[in-house]
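Enquirer: Residue numbers are given in this note's numbering: position 8 of the sequence shown equals residue 8, and the series is strictly consecutive.
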Amino acid sequence: MGTRVDSVESAANAFARLADSEESVIPTYARICRVIAGDESLHSILLNAPMGQRLPVLVLAAIHDIVLRYPESVLTPWYPTVSGVPPSESDPSGPLKSFVDTHYDEIVGLVRHRRVQTNEVNRSVAWRLLLGRITSEDTRPLHLIELGASAGLNMTPDLHACRVTSPQGSFTVGPDDARLVLHVDDPESMFTDPETWRIKAPISARVGIDENPLDLADDSDARWLKACTWPEQDDRFRALETAISVIRDSRGSDGRVDGRVPLDMRTGDMISGIGDLLDEVGADSHAVILSSWALAYVPRSERTSLLDSIRSAALRLGERGSRVSLLTLEAPTTLAWVPVPELPEGSPAEIVNASILAHTDFSSDGAGSGEPRSVAVARCHAHMWWLRPTG
Ligand SMILES: C[S@@+](CC[C@H](N)C(=O)[O-])C[C@H]1O[C@@H](n2cnc3c(N)ncnc32)[C@H](O)[C@@H]1O
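1) Note down the Cα distance separating Thr-304 from Leu-147, rounded to an integer number of angstroms.
2) Let's see if you can read the secondary structure: which residues bound the beta strand (DSSP E) around Val-324?
3) Looking at Ala-14: is its Cβ nearer than 8 Å to the Cβ of Thr-28?
4) Answer with buried or exposed for Tyr-297, where buried requires no fewer than 16 other C-beta atoms within 10 angstroms of its C-beta.
5) Considering Glu-195, what are the terminal residues of the alpha helix (DSSP H) in which it resides?
6) Is Asp-185 helix, strand or coil by DSSP?
7) Look up Leu-144 in the DSSP assignment and give the residues it is bridged to.
8) With a floor of 3 residues, list each beta strand (DSSP E) that falls wholly inside the region 241 to 297, ordered by position along the chain.
9) Should the region 82 to 102 be regarded as contacting the region 339 to 354, the criterion being three or more beta carbon pairs within less than 8 Å?
10) When burial is assigned at 16 or more other CB atoms within 10 Å of the CB, is Ser-189 buried or exposed?
11) What distance in whole Å lies between the Cβ atoms of His-383 and Arg-123, which are believed to be in contact at a cut-off of 8 Å?
12) Does the Cβ of Glu-195 have 16 or more other Cβ atoms within 10 Å, making it buried, or fewer, making it exposed?
13) Could you check whether the Cβ of Ser-393 sits closer than 7 Å to any heavy atom belonging to ligand 1?
14) Ignore the nearest five residues each way along the sequence and tell me which others in Met-1's own chain have a CB closer than 7 Å to its CB.
15) Helix, strand or coil: which one does DSSP assign to Ser-21?
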């Protein structure tokens, strides 16, 4: 990461580095990366991408997209997401070269026009927990606004069930007939009361803003979202696939999802757009802004202006009986305004680098100042596979 890709050599090095760093997690993808790194006709494809998008995963996603499009392809045996069986152990170089030869124009077209984009649906676990907590004391309708929402898959936490596992046992919360069951481990038994996880207020809006939103109703957008996942991480892929079909299958002609308020995706910049989005919030509502691994992509100075915009909007909303909260699942370094307890010396890297799940309350009632008050609720895996205490 961070090295400029401006020549065939630097493109080859980028694939080789990815193979080295991810070998233990995605061994088959690492093999494919090595084949690409060793063949100029393959790694030079990356040079078709705009300068800021020259990440090897873009080419890998383009190839994955075409394999998803042609499930009978010569490359399918190395893609469990398409074959449904473990990846072939044989050498992928011949099939990869012949596949790229056949689909060269389609691959280059994707590399030129797409960007690597994910939407990690298990992060809905974070929103179920925090919405459950805040609706224990405030049952005003929830007007959700997600920053960097991608395809909007995390704005329907109420549609999916969630299985919470702790040393005290497991329980599942959410709709009994949910097609998607999300998972989280709670090894220190922090949230063992199912009631904490129940969203106790209606959701009145689900507005997502993204500079490059993906439309779940569009087959090529939905396929691209799947193509950006690792083919060897089958659980993530299947959860994403189910989440996409839950939204697509249950969308009525009025756009409502399972009879609930629809996703409303907007194209725009979160920093300049947040003030207007908050001004749409009705009276007596709780505007809840969500950000998971989205604020990480904007510079620190812009995050400061975002907070200023939210603070001023919160004062305007307060006058009509509404309140604003910001819920974040982001890297600790992103959330300068959230106090996070120091960890003991020698804490494991996965805890030190864990994402911080936090609630920042902008309501001016009580304190009267409109100054935000932040609470770090947990340290979490970036995809919400587990959560732990902050200190
Ligand atoms: C890593 S993805 C995370 C998506 C989603 N929040 C999730 O957790 O799955 C980051 C998203 O932020 C969007 N993004 C980055 N900067 C943005 C900005 N300034 N305004 C709006 N969207 C932005 C990207 O287009 C991308 O969809």
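Positions of the beta carbon are idealized from the N, C-alpha and C atoms, including for glycine.
Expert: Let me lay it out:
1) 15 Å
2) 323 to 330
3) Contact flag unset, no.
4) exposed
5) Taken as a continuous stretch (DSSP letters only), Glu-195 belongs to no alpha helix (DSSP H), as it is neither H nor E.
6) Note: Asp-185 maps to strand in three-state DSSP.
7) Arg-206, Val-288
8) Whole beta strand (DSSP E) segments, 3+ residues: 263 to 267, 286 to 292.
9) The region 339 to 354 and the region 82 to 102 do not touch, with fewer than three beta-carbon pairs separated by less than 8 Å.
10) exposed
11) 7 Å
12) Around the C-beta of Glu-195, fewer than 16 other C-beta atoms lie within 10 Å, and the residue is accordingly described as exposed.
13) In the structure as shown, the chain begins at 1 and stops at 391. Residue 393 is therefore absent and cannot be evaluated.
14) Any reading at Met-1 must be qualified, since the residue scores a pLDDT of 46, below 50, and its modelled position is unreliable; the value itself is stated next. Excluding positions up to five away in sequence, the list is empty.
15) helix
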